[in-house]
Amino acid sequence: MDIDMAALRMVEAEKGVSLDTLMAAIEDALLKAYHNAPGALDDARVEVDRKNGHVMVMAAEIDEDGNKIGEFDDTPSGFGRIATTTARSIIMQRLREAEDEQVLGSFRDKKGEVVSGIIQQSRDKDVVVVKVGEFEAVLPKAEQVPGEKYHHGQWIRAVVIKTALGEKGARIEVSRRHPDLVRGLFAREVPEITSGDVVIESVAREAGYRTKIAVRSTRPNINAKGACIGPMGRRVRAVMNELNHEKIDIIDYSEDVATFVANALSPAHVSSVTVEPAEHVLAHVVVPDFQLSLAIGKEGQNARLAARLTGAKIDIRSDMDPETTSEEA
Numbered sequence: 001m002d003i004d005m006a007a008l009r010m011v012e013a014e015k016g017v018s019l020d021t022l023m024a025a026i027e028d029a030l031l032k033a034y035h036n037a038p039g040a041l042d043d044a045r046v047e048v049d050r051k052n053g054h055v056m057v058m059a060a061e062i063d064e065d066g067n068k069i070g071e072f073d074d075t076p077s078g079f080g081r082i083a084t085t086t087a088r089s090i091i092m093q094r095l096r097e098a099e100d101e102q103v104l105g106s107f108r109d110k111k112g113e114v115v116s117g118i119i120q121q122s123r124d125k126d127v128v129v130v131k132v133g134e135f136e137a138v139l140p141k142a143e144q145v146p147g148e149k150y151h152h153g154q155w156i157r158a159v160v161i162k163t164a165l166g167e168k169g170a171r172i173e174v175s176r177r178h179p180d181l182v183r184g185l186f187a188r189e190v191p192e193i194t195s196g197d198v199v200i201e202s203v204a205r206e207a208g209y210r211t212k213i214a215v216r217s218t219r220p221n222i223n224a225k226g227a228c229i230g231p232m233g234r235r236v237r238a239v240m241n242e243l244n245h246e247k248i249d250i251i252d253y254s255e256d257v258a259t260f261v262a263n264a265l266s267p268a269h270v271s272s273v274t275v276e277p278a279e280h281v282l283a284h285v286v287v288p289d290f291q292l293s294l295a296i297g298k299e300g301q302n303a304r305l306a307a308r309l310t311g312a313k314i315d316i317r318s319d320m321d322p323e324t325t326s327e328e329a
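With UniProt numbering applied, the sequence shown covers 1 to 329.
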C-alpha cells in the first residue's frame, strides 16, 4: 500500500475535506513529482487505487506515427515512498486550508462588529494576540490605543477591521482605536440603537483622548442624546469605562449644517454660524470671547473633532477679535 486510505477517509469524516478533493490534489502533486524524475515521459497520468491506495504512473504508448495506442506502467522505482510523503504533505496542507476557511467563514461577516477576547502571550512585543472564542485575532501596534497596557489574561473588547488569507494562513485583525469600536460599544449599551430608533450618524475620535458622536432619533418621542447618555449617565459611563475613561461628547445631529456645526463645537456655546457652499463646506463660527479657548480646545482638539464629525472646514473667531482659527475635516 502506497497511500493510507484510512487516514484520508478519517480526514474526510472529521474535517469535512472531501476524499475526491484530497485525491485530486495528491494525484496532481505526484504527477509533478514524476515529471521531475529522470526519463519521465510528457504524456502520463497518475492513478491511485481508491481501495488499497496503490499508486501507478501510466504513460502513453505512442506508435511510429505519433498516435496514442495505449498505456503502460512507468512507475519509477521507490515511487511508493514518494507517494506516502506527498500524501502526508497534501493532507496537512488541506487541513490548514480547511481551518483557515473555518476561521475566515466565522469572521467574514463580523467586520465592524465588537468582539470580546482574552489576551494571550505573543512572540512579537508589538502585536497583541487576542483569543476570541476558538480563534486567535491580532491587535497590531497601529490599532492599539496610546497609553493602554495589554496584559496576559486580560479581557478586552475590540472591533474586527480585517479578515484576510496571507502566507501564514488566516489573519483576523482587530482594533482598539477605530471609530467603529465606539459605535459597537454604544450599540451594546443602548437598546434604541439596536432597534433602529436611534442612529449614530458620524463618529470622530482621537483614541485615548476624546470622541464625538452625532446621533439622531427616527421617532419623534425619543430623545437620541438622552438615550445614549442613559439614566444617571450609566450608558455613556459604561462605554467610557470600556475605553479607559476616554472623554465622549454626544452631539445632536442636524441636516442643517450651521446647526450641526454649532452642536459639534459643544461644550462651547456658539453665537452664530455662517455657511459658505463650496466643494468643501466652509463654516464661519463666532463665539463669545470667553468661550474661544473652549471652542478650539486643548491643542485645537475640540475644533478638529468637530470638523471631522461634520465634514466641514470650520473657521472660529471671537466676537471681540476678527482673526480666525481654522480646522478642516
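Think of the CB as a built atom: it goes at the ideal place given N, C-alpha and C, for glycine as much as any other residue.
Within 8 angstroms, strictly: CB atoms of residue i and residue j
| i | j | result |
| --- | --- | --- |
| Ala158 | Leu181 | yes |
| Val281 | Val273 | no |
| Arg183 | Ile156 | no |
| Glu27 | Val11 | no |
| Val145 | Gly112 | no |
| Leu31 | Val46 | yes |
| Ile90 | Ala137 | no |
| Ala214 | Ile251 | yes |
| Thr84 | Ile172 | no |
Residue i to residue j span [Cα, whole Å]
| i | j | result |
| --- | --- | --- |
| Arg210 | Ile229 | 16 angstroms |
| Arg304 | Ile296 | 8 angstroms |
| Ala187 | Ala283 | 31 angstroms |
| Ala307 | Gly16 | 52 angstroms |
| Phe135 | Arg176 | 18 angstroms |
| Glu299 | Ser217 | 32 angstroms |
| Asp289 | His269 | 11 angstroms |
| Ile82 | Leu19 | 20 angstroms |
Endpoints, alpha helix (DSSP H) assigned at residue i
| i | result |
| --- | --- |
| Ala307 | Gln301 to Thr310 |
| Val190 | Note, Val190: premise wrong, no alpha helix (DSSP H); not H, not E. |
| Val236 | Arg234 to Glu242 |
Residue i: first and last residue of the uninterrupted beta strand (DSSP E) it sits in
| i | result |
| --- | --- |
| residue 343 | Residue 343 falls outside the range modelled here, since the chain spans only 1 to 329, and no answer is possible. |
| His284 | Leu282 to Val287 |
| Ala207 | Taken as a continuous stretch (DSSP letters only), Ala207 belongs to no beta strand (DSSP E), as it is neither H nor E. |
For residue i, three-class secondary structure by DSSP
| i | result |
| --- | --- |
| Ala268 | coil |
| Ile222 | coil |
| Leu139 | strand |
| Met58 | strand |
| Lys111 | coil |
| Ser293 | helix |
| Ile314 | strand |
Check whether the region 149 to 160 touches the region 117 to 125, taking contact to mean three or more Cβ pairs, one atom from each stretch, closer than 8 angstroms. yes
Is there contact here, the region 261 to 277 with the region 222 to 239, by at least three beta-carbon pairs under 8 angstroms? No contact exists between the region 261 to 277 and the region 222 to 239.
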